[in-house]
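Note sheet for the following structure.
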Amino acid sequence: MNISLTEDLKSFVDARVKARGYSTTSEYMRELVRRDEEQAKVERLRALIQEGLDSPLLPADFDVSGHLKATIASHRAKTGTTPPQ
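Take 3 as the starting number for the sequence shown in the numbering used here and just add one per residue.
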């Protein structure tokens with residue numbers, strides 16, 4: 003992969019590589035991509051948290067275990083699978 007930079011950006015990148023102790027420009031660029039990837043994960047997690055906060059609350063007496071068992075039983079009935087032995 004090749005990246006074209008203006009002279010100003012190239013000078014900035016070279017200075018950051020030197021100041022932060024990176025061995026190569028590629029090492030610096032990989033770190034930037036990793037940080038961007040991590041930021042995307044954080045944004046996704048925040049969106050999921052907000053989705054959860056915005057969703058309706060379950061009643062206090064909701065039977066989670068019973069609901070899961072019924073869902074699993076329904077899935078097994080539809081697919082013809084049996085519980086592991």
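Note that beta-carbon positions come from the ideal geometry of N, C-alpha and C, so glycine has one too.
From a predicted model like this one, the values you see are computed outputs, not experimental measurements.
Rounding to the nearest angstrom, what Cα-Cα distance links E9 and G23 in this structure?
If you number the sequence shown from 1, residue 9 lands on position 7. If you number the sequence shown from 1, residue 23 lands on position 21. Answer to the nearest angstrom: the Cα atoms are 21 Å apart.
Nearest-angstrom Cα distance between A72 and R78?
In the sequence shown, counting from the first residue as 1, residue 72 sits at position 70. In the sequence shown, counting from the first residue as 1, residue 78 sits at position 76. Those two C-alpha atoms are separated by around 10 Å.
Kindly indicate which three-state DSSP category D65 falls into: helix, strand or coil?
The sequence position of residue 65 within the sequence shown is 63, counting from 1. Note: D65 maps to coil in three-state DSSP.
At the level of alpha carbons, what is the spacing between N4 and E45?
For this step, residue 4 is matched to residue 2 along the sequence shown. For this step, residue 45 is matched to residue 43 along the sequence shown. Taking the straight line from one Cα to the other gives about 28 Å.
If you follow the alpha helix (DSSP H) that T27 is part of, which residue opens it and which one closes it?
Mapped onto the sequence shown, residue 27 falls at position 25. Looking at the DSSP string, the run of the alpha helix (DSSP H) that includes T27 is 27-56.
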